[in-house]
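Undergrad: The following block contains the structure, expressed as structure tokens.
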Amino acid sequence: MATLVKLRMPLLQVAAVLALLGLWQWGTASGVLDTFVVGTPGETLGQLKNWIVDGTLLQSSLSTMQVLLLGWGIGTLLGVIIGAAIGLNEFLRLVTDPFITFFNGMPRLILYPFLAVWLGFGLQAKVLLVVLVIVVVVITIVASGFRDVDPELINNSKLMGARRLDIARNVYAPALATWLIGSARVTLGYAFQASITAEFIGSSKGLGYLVVFGESRFNMNEIWAALAAVIAIAWALDGLIRLWERRATRWSGAGAR
Amino acid sequence: MAAVWLVRLAILAAAVGGWQLLTTDLRWRLLFGRPTEVVSLVRAWVVDATFWTDTGVTLAETATGYALGVAAAIVLIAVILPFPAVGRFLSPFIAIVNSLPKIALAPVFIVWFGISFQSKIYFIAVAMFFVVFYGVYSGLNNIDQTMVDNLSVMGASGLERVRDVYVPATAGWLISSLRVSVAWALTAAVISEYIASNQGLGHRIALGQQALDPNAVVAGMFMVAVVSLTADRLLTLIDKRFRQWRLS
Amino acid sequence: MTTTVQGSRADTHAIKLSGVKRSYPTAKGEFVAVKDVNLTVASGEFVSVVGPSGCGKSTLLGLLAGLAKPAAGTVETLGHPVRGVNTEVGFIFQRDALLPWRTAEQNVALPLRYHGMSKRDALREARAWLARVKLDGFGERYPHQLSGGMRKRVAIAASLAYQPKIILMDEPFSALDVQTRTIMEDDLLVLWQEYRPSVIFITHDLEEAVGLSDRVLVMSASPGTIVGEFTIDLPRPRNLLELRYDERFTELSHEIWERLRKEVLQTNVDKR
Amino acid sequence: MTTTVQGSRADTHAIKLSGVKRSYPTAKGEFVAVKDVNLTVASGEFVSVVGPSGCGKSTLLGLLAGLAKPAAGTVETLGHPVRGVNTEVGFIFQRDALLPWRTAEQNVALPLRYHGMSKRDALREARAWLARVKLDGFGERYPHQLSGGMRKRVAIAASLAYQPKIILMDEPFSALDVQTRTIMEDDLLVLWQEYRPSVIFITHDLEEAVGLSDRVLVMSASPGTIVGEFTIDLPRPRNLLELRYDERFTELSHEIWERLRKEVLQTNVDKR
Amino acid sequence: GCASGNDRQTTGSAAKAPASLVISSSGNYLTSFAPLWAAEPDFKAIETKYKTKVSFEPFNKGSDALTALLGGSAQICNCGATTGLTAAIAGKEVRYIGNIFKGTGQVVVAAKKYEASHGSDVAKFANATFGFTSPGSGSQIAAQKVAEHFGLNWGATKQLALGSTTAYSPALAAGRVDIVVMEVPTAIKAVEDGVGYIVADLSDPAKAAPLIGNIIGAGLVTTKKFMDEYPELTQDVINALVSGINRVKKTPDPAAAYAALPDAYKKVNQDEKVFAKQWPFIYPSFVATEGTVDDKEIADTYALGGFSSQDASGAQAKAYFDNTLAKRAAETAHK
Ligand SMILES: Nc1ncnc2c1ncn2[C@@H]1O[C@H](COP(=O)(O)OP(=O)(O)OP(=O)(O)O)[C@@H](O)[C@H]1O
Ligand SMILES: Nc1ncnc2c1ncn2[C@@H]1O[C@H](COP(=O)(O)OP(=O)(O)OP(=O)(O)O)[C@@H](O)[C@H]1O
Ligand SMILES: [Mg+2]
Ligand SMILES: [Mg+2]
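Protein sequences, first through last, are from chains A, B, C, D and E.
The working numbering numbers the first residue of the first sequence as 14 and each following residue consecutively.
The working numbering numbers the first residue of the second sequence as 5 and each following residue consecutively.
The working numbering numbers the first residue of the third sequence as 168 and each following residue consecutively.
The working numbering numbers the first residue of the fourth sequence as 168 and each following residue consecutively.
The working numbering numbers the first residue of the fifth sequence as -12 and each following residue consecutively.
This is the structure in structure tokens:
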């Protein structure tokens, strides 16, 4: 009984997905939906199967994930470090604020060709693009979050003799976790956009490449099949984030009521 | 404050100087343009009426798409708030749509929404939606439950709770996510113009690329950044108003 | 006027808890905070609850306010079960829950607005209430600009201003100096006489409990349950300052003290 | 042992405030919270401060802890001026400031860690302290899983555990039931005798103030300043329970009460 | 004009047309499509005749332009022949109804440092890195054909997909690639900047033919549905195109050619000097067309686009290249 209750939500979600797929199949079969525009679930599945069998899917997913995770990790880490520095040091914040906002305002997604020529059309340029795209977002969120921490908690820790590092570990880090989780979800999306965009251009592997390839041949099924892999990865990563969220917010008793 | 400006100027000078120096080399100039040339190009632009129409077009698209995206996010949050189960149900789907590379879906957007103003607005709105949604969502998770309980007991209706607790408590989050997302909305506008259009700053960047003029591309990106910097300053002002109650 | 209302004798119960149990999940498993709580409060009755720290007093109020559901038993107010947040009660939280982004005035005016009062009237009323808790002149301050005792008084004003039929007070006066406290106790009694709400009042001050109440309940160390009931048969209206020299008062206080002492000793022996 | 230490007579001052003024900016302009405060506390002295709600007691502690700077006058601890947050003091805030994401145990262990204790030792020590405040078995709870009184006790344990030379306590026991309170008062006295920190203790309970202190200071309604000083010449060690029947005790309490009453009346007349 | 074919609906005096006629184009007023821009007076005439609005909607990618056509937000698409062909092979009812230029519009450019040693002998680039847009793109296949023509083993060469045109010149300058197939304007720019020199001209159909065959280039594509619904309008559009081609053919001189182009074009391509440099390369690609395509060209285009014979066998693919309107237009023009 208890497990049934636990399983209710995932079951519902799976049901919703199936319903959507069914609707899609029915729509294309009955001609309500233009197969050329939306593809068909059947053929998308067929395409997926082919790619799984010949290894394309695994290879492409791995290649995209490599860019994604490296870029996301480095970007988040850098963002937290810089954001923390800015959040803690008013002078630094004032000095850097316009530059960061300015950089944040630049449409960085279209920078890839420049990076590629500079660093070569390999992993580095792609990872750098992802980093550039998300780092500013993380900086902004972390810096404003740092300024939002209850000053009483900080004062209390200081009084008790906490040094900067202690405060960072015991006050800022746990508070930070909440915003990081929020921003991780946003940046995950950005990171995906960036890695796929990088693969659009000047690449011969990765899910982004599969997508452009499908696009250039007007084959919606190929696009969906590639996106299905994106979806699977995104879903798994979101699951990890939720796990982390549950761990990180255990103290708040959010689930108790 | 004077010191702040001095350091800022020093950084700016170093950056621009380094750029100018770097681009004496042809390879870098082909890539990044030259500051001197970018400046003279921008000077030519600002006296050109079409530049302002382009800016206006981009702004109009951004503002409309932005408003639409923010509204959609807020509506969804308003639904999720009283029904947390809905939130749990939607969570993975939202995460998935968030990570879908919207650029890859440009053809779908073209087909569904055409090539007009409208299509760009939807494109921007979709991009915006997630930033705001996730930003406010994490803000909600941070609210002191006693405050909400107190108000509920006092007889606050759902709407009143939203107005008196949720909105002010998440205003900080909302604004910081709005600040992040203004830039993102502009990027979305520029990219959608870049994909297809004959007006707007994105169009200008595309033209610069077509003409193989790195100065034009860089200048275009800078102008976009300037627009977003301005928007950001406006939001900061609003933020200050909202935070009056805080410790000084 | 020398009325004392007895919960057990009245036919309408403003509050009725039967066989109530509430437990919390913890790292070490289920923790039973209160159990087997049976309690009725008659309409217009003033009941105090005393008990050792952590015995489950706040937990009981939380159940009455509908902020949590009992694991067993039933919770009723004004004749019907509590479902969801109970807007029939006024609740003064142990830790004040003022809105930091509203001024003192606005914090008091809000519940009045929720109950349909116009903005103007609500503000006027709020100012009158602030005066009542000795805070006139502080209406435009934000909570962080007030002292601890002042914040508590704002919270009290906010919960009493809209005159709920049932008032739940969780150590409302503990942050106040003796004199301000006495003044506010007097005020509370006057207000109570005026429109006769049912009150559950939590305090650690036995004299306060005896002085204000019709009945005093003593709770046991956790898992908390009600282990003692004392009917305070002192005549009303009462003069709280003079009451100190009343013999019956001293006797009752002492009786309750003795009962309570056992409980506290229990807590400190019975370590989990 | 029958020592009483007099601040004015000792040659080293643990705490020294001279001509201190503190004001806050408000919507209505500058608000003077305290002014002309002169106060010395000798090393090892136990001083209580009483005064009407909002008179500036917490403000004074804030100045001593270095959380704010005086608008005029000087604030010194252990012989040198306070600059920035003062890590020589232990501060028990009026509203507890526990880290919500750390368990009770960790909250107590942290300051010990800050003072260089190893993780193991700190945890062992923290557990011992939790036992001392009657919270053994609750070490692994997060603050939100504790009752109001329990949280306060965790905060007290955390601030006392690392044995600061100066202890500032802002109404530490107000959320506790009488019995727990008495036990903790006794404990505090034992601890104080042990290593003789200088203590400033804020309370609204006059008997508590008299029972614990070497000196009791009375503050006036705001703008707060010190208007009364009472030397408590009761012998030590004291038995707090028996003290109630001591004549000198009653006399002193009454004296302070009278002094304070004037002040409170003042607050309530002097409305701004 | 007098309406024909569609007797049910043509009742009014004005000929039947949608309220607006959107022509989706790859790029912004590219010089490669000069005939289309030169046809401006004819499009103006169409606007008056049909009381409609003709507009060009630029797209960064040809495939997006075609998607706009298929999605219904454009009525005619100006894109590469193979872009439309791909859709036809996928089963869409699209028709290639008028050719704008022949050849690929591309040039082979090598890094400057090889000019003296390698010249135009591609065979010497055996150890070099070949650059192109993306795998499977026309530029990649062109590069492969050229390499193979010179006896290189394509599989053994080093290759790099450069993505956007922005990267070409800097990549050549930075030494990331040695020899690149690029569009004429990019090539001119590379030569201008001194980072490259021209190895082979694939833009001039005559010069390109021995290397890669007779290639169709770009043209106007529309849906069968649109042709059936607005036959007269479609014919007029192609008439306009053909008259544009004829107009352009008369101006081998860059100055005259530039002068003949409309303001909208000049606004985007402001630098006449650049135009003058490009024109000699681009002009021949217009000379080679009458708006129609022949079987040899179709076969060669299939080959260059990497399409198989199976691809060519579908009903839509077979019907894709449709010369009828262009032929009729040429006849009218000759009269
Ligand atoms: N969220 C929770 N999770 C686990 N245990 C809890 C939680 N809330 C309260 N408790 C426990 O339940 C018991 C009763 O708590 P409650 O707050 O009702 O006590 P109380 O009588 O109000 O005490 P106090 O006088 O100190 O305020 C305590 O032992 C407390 O530790
Ligand atoms: N940030 C602030 N801005 C403006 N006024 C303030 C601020 N903080 C405190 N005050 C005012 O200063 C006065 C003294 O406050 P303080 O907190 O020191 O009082 P207190 O003696 O501790 O009172 P209590 O016993 O109620 O805790 C009060 O009148 C309060 O309103
Ligand atoms: Mg409690
Ligand atoms: Mg205080």
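Glycine included, each C-beta is placed from N, C-alpha and C at the ideal position.
Quantities reported herein were computed from a predicted structural model and do not represent experimental measurements.
May I ask you to check if the CB of D/G316 is nearer than 7 Å to at least one heavy atom of ligand 1?
TA: Numbered from its first residue, the fourth sequence carries residue 316 of chain D at position 149. Yes; taking the cut-off as 7 Å, the Cβ of D/G316 has a heavy atom of ligand 1 nearer than that.
Undergrad: Taking contact to mean 3 or more Cβ pairs, one atom from each stretch, closer than 8 Å, check whether the region 167 to 181 of chain B and the region 39 to 59 of chain B are in contact.
TA: no
Undergrad: If we call anything under 8 Å between Cβ atoms a contact, is E/D29 one with E/N310?
TA: Looking up residue 29 of chain E in the fifth sequence gives position 42. Looking up residue 310 of chain E in the fifth sequence gives position 323. Their beta carbons are not under 8 Å apart, which means E/D29 does not touch E/N310 by this criterion.
Undergrad: Between C/S380, C/L279 and C/L184, which lies nearest to C/P248 when the distance is taken from Cα to Cα?
TA: Here residue 248 of chain C refers to the residue found at position 81 when the third sequence is read from its first residue. The shortest Cα separation from C/P248 among C/S380, C/L279 and C/L184 belongs to C/L184.
Undergrad: Please confirm if E/S121 has its CB atom under 8 Å from at least one CB of chain A.
TA: For the purposes of this step, residue 121 of chain E is taken as the residue at position 134 of the fifth sequence. The Cβ of E/S121 sits closer than 8 Å to at least one Cβ of chain A.
Undergrad: Could you confirm whether any beta carbon from chain E is found closer than 8 Å to the beta carbon of A/V130?
TA: As a working note, residue 130 of chain A is residue 117 in the first sequence. So yes, A/V130 belongs to the interface.
Undergrad: Which partner residues of D/Y191 appear in the DSSP bridge assignment?
TA: Translated into positions along the fourth sequence, residue 191 of chain D becomes position 24. In the DSSP output, where bridge partners are listed per residue, D/Y191 has D/F198.
Undergrad: At a threshold of 7 Å, does D/S387 count as lining ligand 4 (C-beta to nearest heavy atom)?
TA: Your numbering for residue 387 of chain D matches position 220 in the fourth sequence. Taking 7 Å as the cut-off, one finds no heavy atom of ligand 4 near enough to the beta carbon of D/S387.
Undergrad: At a CB-CB cut-off below 9 Å, which residues of chain A make contact with B/L63?
TA: As a first step, residue 63 of chain B must be located in the second sequence, where it is residue number 59. Neighbours of B/L63 across chain A, judged by C-beta separation under 9 Å, do not exist; the nearest C-beta is about 13 Å away.
Undergrad: Using the Cα positions of C/G391 and C/L231, report the straight-line distance between them to the nearest angstrom.
TA: The sequence position of residue 391 of chain C within the third sequence is 224, counting from 1. The sequence position of residue 231 of chain C within the third sequence is 64, counting from 1. Between C/G391 and C/L231, the C-alpha separation is close to 16 Å.
Undergrad: In whole angstroms, what separates the C-alpha of D/T170 from that of D/A328?
TA: Along the fourth sequence, read from residue 1 onward, the residue named residue 170 of chain D stands at position 3. Along the fourth sequence, read from residue 1 onward, the residue named residue 328 of chain D stands at position 161. Since pLDDT at D/T170 reaches only 39, below the 50 mark, its modelled position is unreliable, and the value read off the structure follows with that caveat. Approximately 25 Å between the Cα atoms of the pair.
Undergrad: Three-state secondary structure (DSSP) at A/N102?
TA: In the first sequence, the residue the question calls residue 102 of chain A occupies position 89. Residue state, collapsed to three classes: coil.
Undergrad: Buried or exposed for D/I350, please, with buried defined as at least 16 other CB atoms from any protein chain shown within 10 angstroms of its CB.
TA: What you label residue 350 of chain D is simply residue 183 of the fourth sequence in a count that begins at 1. By the neighbour-count rule (16 or more Cβ atoms within 10 Å), D/I350 is buried.
Undergrad: Write down every uninterrupted run of the beta strand (DSSP E) in the region 232 to 277 of chain C whose length is 3 residues or greater and which is fully enclosed by it, in chain order.
TA: 239 to 244 and 256 to 259
Undergrad: Alpha carbon to alpha carbon, how far is B/I128 from B/D153?
TA: Locating residue 128 of chain B in the second sequence gives position 124, counting from the first residue. Locating residue 153 of chain B in the second sequence gives position 149, counting from the first residue. If I take the Cα positions, the gap works out to 37 Å.
Undergrad: What are the residues that DSSP puts in a beta bridge with E/V94?
TA: Counting from one through the fifth sequence, the residue named residue 94 of chain E turns up at place 107. Note: E/V94 sits in a beta bridge opposite E/M169 and E/D188.
Undergrad: DSSP on A/G219, reduced to helix/strand/coil?
TA: Numbered from 1 along the first sequence, position 206 holds the residue referred to as residue 219 of chain A. If DSSP states are grouped into helix, strand and coil, A/G219 belongs with coil.
Undergrad: Closer than 8 Å, CB to CB, is B/P39 near chain C or not?
TA: Stepping through the second sequence from its first residue, residue 39 of chain B is reached at position 35. By this cut-off, B/P39 is not an interface position.
Undergrad: Under 7 Å from any heavy atom of ligand 4, does the C-beta of C/S420 make it?
TA: Position 253 of the third sequence holds residue 420 of chain C. Checking every heavy atom of ligand 4 against the Cβ of C/S420, none is found closer than 7 Å.
Undergrad: Any beta-carbon of chain A closer than 8 Å to the one on D/L277?
TA: Indexing the fourth sequence from 1 puts residue 277 of chain D at position 110. Yes - at least one Cβ of chain A is within 8 Å of the one on D/L277.
Undergrad: Could you pull the start and end residues of the alpha helix (DSSP H) that E/T276 belongs to?
TA: To locate residue 276 of chain E, count along the fifth sequence from 1; it is residue 289. Here E/T276 belongs to no alpha helix (DSSP H), and DSSP marks it neither H nor E.
Undergrad: Following the continuous beta strand (DSSP E) through C/E396, name the residue where it begins and the one where it ends.
TA: To locate residue 396 of chain C, count along the third sequence from 1; it is residue 229. I393 to T398 is the extent of the beta strand (DSSP E) around C/E396.
Undergrad: For the region 44 to 98 of chain A, which segments carrying the alpha helix (DSSP H) assignment without a break, of at least 4 residues, lie completely within its bounds, in sequence order?
TA: 48 to 51 and 54 to 67
Undergrad: Residues of chain C with CB closer than 8 Å to the CB of B/V169, please, in chain order.
TA: Residue numbering aside, residue 169 of chain B sits at position 165 when the second sequence is read from its first letter. The answer, in chain order, is L266.
Undergrad: Can you name the start and end residues of the alpha helix (DSSP H) that E/P28 belongs to?
TA: Here residue 28 of chain E is taken as the residue at index 41 of the fifth sequence, counted from 1. E27 to Y37 is the extent of the alpha helix (DSSP H) around E/P28.
Undergrad: Three or more C-beta pairs closer than 8 Å, one from the region 264 to 283 of chain E and one from the region 240 to 251 of chain E: is that the case here?
TA: Yes, the region 264 to 283 of chain E touches the region 240 to 251 of chain E.
Undergrad: Is it right to say B/K124 is buried, meaning 16 or more other beta carbons lie within 10 angstroms of its own, or is it exposed?
TA: The residue given as residue 124 of chain B occupies position 120 in the second sequence. Buried.
Undergrad: Taking the continuous alpha helix (DSSP H) assigned at B/R47, which residues delimit it?
TA: To locate residue 47 of chain B, count along the second sequence from 1; it is residue 43. Residues P39 to V50.
Undergrad: Closer than 8 Å by C-beta to B/Y70: which residues in its own chain qualify, once you throw out the five before and the five after it? Chain order, please.
TA: Position 66 of the second sequence, counting from 1, holds the residue named residue 70 of chain B. Excluding residues within five positions, the ones whose Cβ falls inside 8 Å are I128, A129, M132, S185, V186 and A189.
Undergrad: Can you check DSSP and say which residues form a bridge with C/S389?
TA: Position 222 of the third sequence holds residue 389 of chain C. Answer by DSSP bridge pairing: none, since C/S389 is not bridged.
Undergrad: Near E/S230, which residues of its chain fall below 7 Å by C-beta distance, leaving aside the five closest residues on each side in sequence?
TA: Start at 1 with the first residue of the fifth sequence, and residue 230 of chain E comes out as number 243. Excluding sequence neighbours, E/S230 sits near A26, D29 and A320.
Undergrad: Considering Cα atoms alone, identify which of E/N65, E/G123 and E/Y101 is closest to E/A113.
TA: In the fifth sequence, the residue the question calls residue 113 of chain E occupies position 126. Nearest to E/A113 by C-alpha distance, out of E/N65, E/G123 and E/Y101, is E/Y101.
Undergrad: Is the number of C-beta pairs between the region 148 to 167 of chain A and the region 92 to 108 of chain A that are closer than 8 Å three or more?
TA: Yes, they touch.
Undergrad: Taking the beta carbon of B/L238 as the centre, do at least 16 other beta carbons fall within 10 Å, making it buried, or is it exposed?
TA: To locate residue 238 of chain B, count along the second sequence from 1; it is residue 234. Exposed is the call here.
Undergrad: On the DSSP letters alone, give me the boundaries of the beta strand (DSSP E) that C/M336 sits inside.
TA: Reading the third sequence from its first residue, position 169 is the one you call residue 336 of chain C. For C/M336, the uninterrupted beta strand (DSSP E) run begins and ends at I333 to D337, by DSSP.
Undergrad: Which residues mark the beginning and the end of the beta strand (DSSP E) in which E/E44 is found?
TA: Taking the fifth sequence and counting its residues from 1, the one referred to as residue 44 of chain E is at position 57. Segment K40 to F46, the beta strand (DSSP E) holding E/E44.
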